[in-house]
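Undergrad: A single structure is presented below for examination.
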Amino acid sequence: MSPRVRVAHCTVDFGSHSVRRDGEAARLGSRAFDLLATLVEGRSRVISRAELIERVWPGPTVDDHALSAQIAALRKLLGPGAISTVPGRGYQLACDVEELADESQRVAGPYRVAELPAGPAGFVGRETELQALSALVDGSRLTSLCGPAGVGKTALALRLAQERRRAGLTVVWVEIGCHCGVDEIAASVADRLGVPQTRHVGPLPAVLAALRQHPALLVLDGAEACAASVYSIVDQFAGAPGLRILVGSQVALHHPQEQVLALDGLALAAPGTPRDRLTRCDAMRLFLARAGLGDGRELDTLQLELALRVCRQVGGSPLAIRLLAARLRRLGAEGLMGLPYLNDSNQPARRQTLLATLQWSYGRLSPLGQLLLRRLAWCVRGFSFELALAIGRQEVAEEAVTEALDALIDCGLVGVEPGEPLRFRLPEPIRQFSLLQEPQPAQAAAGHARAVRVVYADADKARLDCSERVWRHRYEPDLDNLLAALRWASSHDAALAYALLGETTQLFLMTYRQQEYLDLVARTEALSPSAALAPAERARHCLALARVQAMTRTPDALASAQEALALFSALGDARGAFAARVQLVSGVDAEPQRLAAAEAALPELIAACGEGFPPLLRRQRYQAEAMVCSFLGRPADALLACRASVAAAREAGWGFYLRIDLSNLAYLHLEVGDTAEAIRVGEELVALHRGRIGPQACFALGNHAHALLHGGRLAEARQALQRYADVARASDWASFEVLSAQFALFAAREGRLHAAAFLLGYADRCVERGARRFAAYSRSYDAAADCVRLGLPAAVATSCRQAGLAADPHQVVVVTLDEADYAPFVLLAGGG
1 MSPRVRVAHC TVDFGSHSVR RDGEAARLGS RAFDLLATLV EGRSRVISRA
51 ELIERVWPGP TVDDHALSAQ IAALRKLLGP GAISTVPGRG YQLACDVEEL
101 ADESQRVAGP YRVAELPAGP AGFVGRETEL QALSALVDGS RLTSLCGPAG
151 VGKTALALRL AQERRRAGLT VVWVEIGCHC GVDEIAASVA DRLGVPQTRH
201 VGPLPAVLAA LRQHPALLVL DGAEACAASV YSIVDQFAGA PGLRILVGSQ
251 VALHHPQEQV LALDGLALAA PGTPRDRLTR CDAMRLFLAR AGLGDGRELD
301 TLQLELALRV CRQVGGSPLA IRLLAARLRR LGAEGLMGLP YLNDSNQPAR
351 RQTLLATLQW SYGRLSPLGQ LLLRRLAWCV RGFSFELALA IGRQEVAEEA
401 VTEALDALID CGLVGVEPGE PLRFRLPEPI RQFSLLQEPQ PAQAAAGHAR
451 AVRVVYADAD KARLDCSERV WRHRYEPDLD NLLAALRWAS SHDAALAYAL
501 LGETTQLFLM TYRQQEYLDL VARTEALSPS AALAPAERAR HCLALARVQA
551 MTRTPDALAS AQEALALFSA LGDARGAFAA RVQLVSGVDA EPQRLAAAEA
601 ALPELIAACG EGFPPLLRRQ RYQAEAMVCS FLGRPADALL ACRASVAAAR
651 EAGWGFYLRI DLSNLAYLHL EVGDTAEAIR VGEELVALHR GRIGPQACFA
701 LGNHAHALLH GGRLAEARQA LQRYADVARA SDWASFEVLS AQFALFAARE
751 GRLHAAAFLL GYADRCVERG ARRFAAYSRS YDAAADCVRL GLPAAVATSC
801 RQAGLAADPH QVVVVTLDEA DYAPFVLLAG GG
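Numbered according to our numbering, the sequence shown spans residues 1 to 832.
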């Protein structure tokens, strides 16, 4: 959830605990503010009165009147209809909530970091441990938080991560799965950091480039299963000087730079402690809060002793305390007599009580509850309500699934994550325990993959009928489960894998996972060739493959699109044939034969675009037309088509495509000589790409710098080039070679002719490697070459250009932005 939101006509800042109503400061008590925060976080669901009391009044005993009074205060502030009362269930926020930009996050880095996971409700104690952990993180590059399962490592690390993020630091949270290698961990960091994997060299270089830019905290939770890989990646990230790494693990890494904080159970009262101090220890506070027993004042001596015995039996383990206390929420203090004596002598001492607690909790579930818990344990990093239903409906009716899920939530085995959309999660010790109870793991894995297929059925098609925000809200949250399902299906069930790949292409493209998609296709082909698919499935597969291949493998993409067109035409599928034609025409480049073929196919594509086509399909037609006209040397016609593409993207409500089309529009304005309009569109793009990285952002920011350069605004162009270089560095140098000619012109315009000649050599090398030089950039290249030819002796210019042929992107940035004109010679001497 964003640190700042707009609720009705009020702006709420969770960082400063302030509320402004219609621009004026509003008075709101601390309890009412905490209540508002809880309602905002859980706005996608009804929150029970018991949960609200537990979150807002975790310690003292309160009655329903206190909650009703605070609800009334919030309704007075937000409006009478802002909070709905659901009889018998609780309350839900009924007004609109808009997440506002967090300025501190904007300055933290040129990337968009994923939200932190939800912590357990009613976090209690650990003040001393939190201070110690904070000091270790500040003073060491690597800190390990160690302790047995269920002791609260994740909750404490999350509390620190939340504090650091509120202070403006970039915080990346990664949950480490079992048997992860270095590349898999790096890919997870890339996902959470928002770093695109733009080349076939793995995610590590791009992640490291991004982490070098700004101070950051990386949290690697659950590292004990692959400690060697975590150890290795700590060494790999040594090149990011501002990075601090916090590792949560049952065992230390034994790294030479490691500082270790060992975490024990929550503090327990010593024997003989007076009654008034007995309930103040952290373990008892948590137990009483989770059991709904307030501060324990209403308990008699026997009940208090029973509660203390429970806390001591589990060694102060927060997870075990939560599970046992959850059983008492409905029973009250009388249920204390029914809690078991926990002992399992077959396990190490520190694990006995947690394992016995899990076994006791699991044994009290109904057979359906046990089955659903085991099957939900196959979900990765949480799951949506839709996925839970799809998993459960394979066994029983939907109503029974809902009841069983509610029971799992009530007894604390499944947690509800705050925020929107509604998501659930099993704490990792519970998940691992549940996996071990599964007698049919192969059947459970297959059921998870089939359920994922239900969630993602027609996902690609659905994008045509809704906005980007709605589409992302529906399909992005379960991405980790999709990847897990595909990894299983590509080795066990080719038909299921092909179906999932054909329905989720858009998600892979929007998350820059093209190479991972192609790798999954290759694995599935090895299991069962796609040539054996039925014509309709084969057509969808070829079209999906063409869309992904178009980013890097033009010949392969054209072949896939051609086959898709033939199949869709034979099937009589007009829209499918249209989409295949789009891929064929969009695959145009300067090669004469392909350009002639695209020009010949364009009229047929235009004719196939029916009046009733949704905006995104019409946009595809306009974008393909703009590309063909641009390659044919008809920039004015390309400009008209690109404007129509922008309008269609706006109509569809898809910012992902709008940013692409605006980038093309800005470039085309520059190509036709309308520098002022190119700069104006570029400024809009700079705002849209703030906080983003990747090929789109690189092309947009590079074009904007180019337009400023042509407009003679050198000081602004320098700032724009610096911004572009930062984003390009964090994006694995995406689009850098395509835009390289402007670097030479910038140096030439500043009178640094040696640098200009050096950069011309680099631009030559880019073309040799296959980079296309667009018309506007060709003019920039020619202008820079004229300046060098007129201002430098030929031998000197040739020497500098030869040096530039061997330059890398880092050296190019140095030479471009160095205000002196001796940088090429420094680099030649090995000082770069």
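Even glycine gets a Cβ: it sits at the ideal position worked out from N, Cα and C. Computed from a predicted structure; not experimentally measured.
Per DSSP, what are the beta-bridge partners of Cys10 in this structure?
TA: Val7 and Arg21
Undergrad: Could you tell me the distance, in whole angstroms, from the CA atom of Tyr498 to the CA atom of Val452?
TA: Per the coordinates, the alpha-carbon of Tyr498 lies some 13 Å from the alpha-carbon of Val452.
Undergrad: Using a Cβ-Cβ cutoff of less than 6 Å, which residues in the same chain neighbour Val19 once the five nearest sequence positions on both sides are dropped?
TA: Cys10, Val12, Ala26 and Leu28
Undergrad: Could you check where the beta strand (DSSP E) with Tyr91 kicks off and where it finishes?
TA: Gly90 to Leu93
Undergrad: For the alpha helix (DSSP H) containing Ser434, name the first residue and the last one.
TA: Glu428 to Gln437
Undergrad: Going by alpha carbons, who is nearest to Tyr456 out of Lys153, Ser586 and Asp478?
TA: Asp478
Undergrad: Hey, quick one: how far does the alpha helix (DSSP H) through Val369 stretch, first residue to last?
TA: Reading the sequence as shown, one finds Gly at residue 369 and not Val. Gly369 -> alpha helix (DSSP H) spans Pro367 to Leu376.
Undergrad: Is Ala600 helix, strand or coil by DSSP?
TA: helix
Undergrad: Short check: CB of Glu258 to CB of Gly222, under 7 Å?
TA: no
Undergrad: Could you pull the DSSP bridge partners for Cys146 from this structure?
TA: Ser249 and Ala262
Undergrad: Might you give, ordered along the chain, the residues of its own chain that have their beta carbon closer than 6 Å to the beta carbon of Asp821, omitting 5 neighbours on each side?
TA: Cβ neighbours of Asp821 within its own chain (closer than 6 Å, five residues either side excluded): Arg752, His754 and Ala755.
Undergrad: Tell me the DSSP bridge mates of Val383?
TA: A small correction: the amino acid at residue 383 is Phe; Val does not occupy that position in the sequence shown. According to DSSP, Phe383 bridges with Phe424.
Undergrad: Within 8 Å, do at least three Cβ pairs link the segment 31-39 to the segment 123-136?
TA: no
Undergrad: If you draw a straight line from the alpha carbon of Phe14 to that of Ala8, how long is it in whole angstroms?
TA: 16 Å
Undergrad: At the level of alpha carbons, what is the spacing between Arg166 and Leu304?
TA: 38 Å
Undergrad: Expressed to the nearest angstrom, what Euclidean distance is found between the alpha-carbon atoms of Gln105 and Ala771?
TA: Summary for Gln105: the model assigns pLDDT 38, below 50, so the residue's position carries little reliability; its value from the coordinates is reported in the next sentence. Roughly 34 Å separates the two Cα atoms.
Undergrad: Using the three-state DSSP reduction, which class does Val86 fall into: helix, strand or coil?
TA: strand
Undergrad: Excluding the 5 residues flanking Phe385 on each side, which residues of the same chain have their C-beta closer than 6 Å to its C-beta?
TA: Leu422
Undergrad: Under 7 Å, do Glu625 and Ala641 count as touching if we go by C-beta distance?
TA: yes
Undergrad: Assign Pro592 to buried or exposed, taking buried as 16 or more other Cβ atoms, counted over all protein chains shown, within 10 Å of its Cβ.
TA: By the beta-carbon neighbour count (other beta carbons within 10 angstroms, threshold 16), Pro592 is exposed.
Undergrad: Once the 5 residues before and after Phe699 are set aside, which same chain residues still bring their CB inside 7 Å of it?
TA: Ser663 and Ser735
Undergrad: Would you tell me roughly how many angstroms separate the C-alpha atoms of Leu507 and Leu584, rounded to the nearest one?
TA: 21 Å
Undergrad: Bridge partners for Ile47 per DSSP, in chain order?
TA: When DSSP reads this structure, Ile47 sits in a beta bridge with Tyr91.
Undergrad: When you compare each of Val137, Glu115, Gly272 and Leu145 to Gly194 by their alpha carbons, which one comes out closest?
TA: Glu115
Undergrad: Hey, would you say Leu220 sits closer than 7 Å to Val230, going by beta carbons?
TA: yes
Undergrad: Can Val815 and Phe758 be called in contact, C-beta distance under 7 Å?
TA: Contact: yes.
Undergrad: Would you mind sorting Leu436 into buried or exposed? The rule is 16 or more other CB atoms within 10 Å of its CB.
TA: exposed
Undergrad: Do the segment 644-658 and the segment 459-469 touch if we need at least three Cβ pairs shorter than 8 Å?
TA: yes
Undergrad: Would a C-beta distance cut-off of 7 Å place Ile321 and Leu286 closer than the cut-off?
TA: yes
Undergrad: Out of curiosity, what's the CA-to-CA distance linking Glu103 and Gly633?
TA: Residue confidence is low: Glu103 scores 40 on pLDDT, short of 50, so the model does not pin down where it sits. Its coordinate-derived value is still stated next. Taking the straight line from one Cα to the other gives about 43 Å.
Undergrad: Please state whether DSSP places Leu833 in a helix, a strand or coil.
TA: Past the edges of the chain, shown from 1 to 832, lies residue 833, and the structure says nothing about it.
Undergrad: Helix, strand or coil for Thr279? Go by DSSP, reduced to three states.
TA: Collapsing the DSSP output to three states places Thr279 in coil.
Undergrad: Could you tell me which residues DSSP pairs with Asp415 in its beta bridges?
TA: Reading off the sequence, residue 415 comes out as Gly, not Asp. Answer is Arg425, bridged to Gly415.
Undergrad: Can you give the Cα-Cα distance for Ala806 and Cys95, rounded to whole angstroms?
TA: For Ala806 and Cys95, the distance between alpha carbons rounds to 60 Å.
Undergrad: Under 6 Å Cβ to Cβ from Ala561, same chain only, skipping five residues before and after it: list those, please.
TA: Ala546, Ala580, Gln583 and Leu584
Undergrad: For the beta strand (DSSP E) containing Glu41, list its first residue and its last residue.
TA: For Glu41, there is no enclosing beta strand (DSSP E); the residue is part of the alpha helix (DSSP H) that begins and ends at Ser30 to Glu41.
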